[in-house]
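Peer 1:
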Amino acid sequence: MATKQLKCELSWSASRAKEWDRCRRENWYARYASWGWWTEQPRGQKYEVMVHKTLTSLPAYAGDCVHRAIERWFELKRGGASMTAEELYQESVNLFREGWRQSAGDGWKARPNKSTHLFEHHYDIEIAKERTEKARELLERCAKYFMESPALEPVRQAHPDSWRSVETLDTYQYLGTKIYAVPDFAYIDGDTVHIWDWKTGKPREEDLFQLHTYALYACEKWSTDPEDIVLHAAYLGEEEVKEVPVNLEQLSKAQDRMSDSLRAMMDAHYDPDEDDLVIENWPASPEARKCGWCRFRGICTDAAR
Ligand code: SF4
64 MATKQLKCEL SWSASRAKEW DRCRRENWYA RYASWGWWTE QPRGQKYEVM
114 VHKTLTSLPA YAGDCVHRAI ERWFELKRGG ASMTAEELYQ ESVNLFREGW
164 RQSAGDGWKA RPNKSTHLFE HHYDIEIAKE RTEKARELLE RCAKYFMESP
214 ALEPVRQAHP DSWRSVETLD TYQYLGTKIY AVPDFAYIDG DTVHIWDWKT
264 GKPREEDLFQ LHTYALYACE KWSTDPEDIV LHAAYLGEEE VKEVPVNLEQ
314 LSKAQDRMSD SLRAMMDAHY DPDEDDLVIE NWPASPEARK CGWCRFRGIC
364 TDAAR
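Everything in the sequence shown is counted per my numbering, starting at 64 for the first residue and increasing by one.
1) Would you identify the three-state DSSP class for S97, choosing helix, strand or coil?
2) Suppose you measure from the CA of Q165 to the CA of W171; what does that come to, to the nearest Å?
3) Assuming I190 is part of the beta strand (DSSP E), what are its boundary residues?
4) Considering only residues of the segment 110 to 163, which uninterrupted alpha helix (DSSP H) runs meet the minimum length of 4 residues and lie entirely inside it, listed in chain order?
5) Note down, in chain order, each residue of its chain lying with its Cβ closer than 6 Å to the Cβ of V114, except the 5 sequence neighbours on either side.
6) For a quick check, are the C-beta atoms of W98 and D336 less than 9 Å apart?
7) On the DSSP bridge assignment, give the partners of I258 in chain order.
8) Quick check on A173: does DSSP put it in helix, strand or coil?
9) Around the C-beta of G253, are 16 or more other C-beta atoms found within 10 angstroms, so that it is buried, or is it exposed?
10) Excluding the five sequence neighbours on either side, which residues of its own chain have a C-beta within less than 8 Å of the C-beta of G361, listed in chain order?
11) Quick one: grab the DSSP three-state call for P346.
12) Would S348 and R88 be called neighbours here (beta carbons separated by less than 9 Å)?
13) Is the distance from the Cβ of I258 to the Cβ of V293 below 9 Å?
14) Once DSSP output is grouped into helix, strand and coil, what is the label at P105?
15) Go to K70, then tell me how far its beta strand (DSSP E) extends in each direction, as first and last residue.
16) Based on Cα-Cα distance, which residue from V229, E301, V256 and G143 lies nearest to G264?
17) Take A327 and list the residues in its own chain whose beta-carbon comes closer than 8 Å to its own, dropping the five residues that flank it on each side.
18) Report the rounded CA-to-CA distance for M329 versus Y235, giving the unit in angstroms.
19) Any heavy atom of the ligand SF4 within a distance shorter than 8 Å of the CB on F359?
20) Could you check where the beta strand (DSSP E) with T240 kicks off and where it finishes?
21) Buried or exposed for K192, going by 16 or more other Cβ atoms inside 10 Å?
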């Protein structure tokens with residue numbers, strides 16, 4: 064049987080859009096420059112770009128551990144078991160330690176695209192004790208808030224039969240393109256679909272746009288009426304929940320923004336296996352602050368130094 068050839072297809076998500084807006088060159092590195100690294104013999108530039116693509120910062124990694132620990136909580140609940148706040152915290156600590164070991168040593172090298180590799184370790188940035196302590200406190204605070212906050216009671220009480228999505232990586236088609244939407248958690252109560260997103264950082268205006276793209280997903284996937292969707296941004300580290308009922312006007316604004324972003328990406332998209340690179344389509348926008356935390360700063364020729 065012939066193997067299906069992988070093709071570099073355009074896809075869209077709110078986080079890809081953010082990357083595109085931040086710096087198109089970063090978007091090119093992340094989505095095109097490492098394409099086909101697995102066929103590169105001997106390993107060379109594409110492999111190097113892939114290694115940079117997988118880098119994650121300490122705060123982002125701590126947030127990822129919180130997400131995975133909560134996902135585990137849902138798995139246990141589905142099976143009829145449960146966890147205490149302390150156990151949820153320990154789960155996230157164990158995940159954190161496992162990733163830290165991979166990153167601080169050579170463990171990540173065996174499977175760099177599937178391992179944890181911290182930006183700070185890669186670039187030899189000293190991680191002060193206060194930063195790891197801050198990360199530990201974040202894990203603890205998030206676990207406690209998730210398990211004990213009255214604002215999250217409806218999440219903890221929702222019956223597994225009412226769940227519509229738990230960290231499910233899913234897609235739908237829009238303007239002929241695959242759209243990734245990953246609501247952290249969604250459940251239905253009567254006719255109302257509640258969509259939750261766990262946040263471990265501070266509230267940002269952008270979070271609302273991302274949540275609205277999940278509402279678009281709910282309309283598309285579950286044929287939910289926009290008025291029957293309630294969005295919840297749960298800032299676990301800040302110990303607060305923002306509830307946002309969806310209205311048609313806001314949703315249509317989010318859809319327009321998504322369409323504009325997607326069309327701009329469509330104009331620049333190319334197939335690295337077939338087409339020549341037109342680097343002018345991927346201008347760098349260097350700024351010291353931005354480049355300082357960019358994964359690709361070590362290989363980007365335009366990085367602000
Ligand atoms: S280092 Fe700066 S210019 Fe280069 S890709 Fe990153 S953000 Fe863009």
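Yeah, the Cβ is synthetic: ideal placement off N, Cα and C, and Gly gets one too. Model, not experiment: these values are computed from the prediction.
Peer 2: Here's the rundown:
1) Counting from 1 along the sequence shown, the entry for residue 97 is found at position 34. S97 falls in the coil class under three-state DSSP.
2) Counted from its first residue, the sequence shown places residue 165 at position 102. Counted from its first residue, the sequence shown places residue 171 at position 108. Those two C-alpha atoms are separated by around 5 Å.
3) Translated into the one-based positions of the sequence shown, residue 190 becomes position 127. Element bounds for I190: n/a, residue is neither H nor E.
4) 121 to 141
5) Locating residue 114 in the sequence shown gives position 51, counting from the first residue. Excluding sequence neighbours, V114 sits near P175.
6) Locating residue 98 in the sequence shown gives position 35, counting from the first residue. Locating residue 336 in the sequence shown gives position 273, counting from the first residue. Closer than 9 Å, so yes.
7) Indexing the sequence shown from 1 puts residue 258 at position 195. DSSP output for I258 lists A249 and L294 as bridge partner(s).
8) Position 110 of the sequence shown holds residue 173. Here A173 sits in coil by DSSP.
9) Here residue 253 refers to the residue found at position 190 of the sequence shown. Exposed, by the Cβ-count rule.
10) Counted from its first residue, the sequence shown places residue 361 at position 298. Taken in chain order, the residues that qualify are H115, H185 and Y186.
11) In the sequence shown, residue 346 corresponds to position 283, counting from 1. P346 falls in the coil class under three-state DSSP.
12) Here the question's residue 348 lines up with position 285 in the sequence shown. Here the question's residue 88 lines up with position 25 in the sequence shown. Closer than 9 Å, so yes.
13) Residue mapping note: residue 258 aligns to position 195 of the sequence shown, counting from 1. Residue mapping note: residue 293 aligns to position 230 of the sequence shown, counting from 1. In this structure, V293 lies closer than 9 Å to I258 by Cβ.
14) Locating residue 105 in the sequence shown gives position 42, where the first residue counts as 1. Reduced to three states, the DSSP call for P105 is coil.
15) Counting from 1 along the sequence shown, the entry for residue 70 is found at position 7. First-last for K70: undefined, no H or E at that position.
16) Translated into the one-based positions of the sequence shown, residue 264 becomes position 201. G264 has its Cα closest to that of E301, out of V229, E301, V256 and G143.
17) Working through the sequence shown from its first residue, we reach residue 327 at position 264. Excluding sequence neighbours, A327 sits near W83.
18) Taking the first residue of the sequence shown as position 1, residue 329 is located at position 266. Taking the first residue of the sequence shown as position 1, residue 235 is located at position 172. Using only the alpha carbons, I get a separation of about 17 Å.
19) Within the sequence shown, the letter at position 296 stands for residue 359. Yes, the Cβ of F359 comes within 8 Å of a heavy atom of the ligand SF4.
20) Working through the sequence shown from its first residue, we reach residue 240 at position 177. Per DSSP, T240 belongs to the beta strand (DSSP E) from T240 to A244.
21) Taking the sequence shown and counting its residues from 1, the one referred to as residue 192 is at position 129. It counts as exposed.
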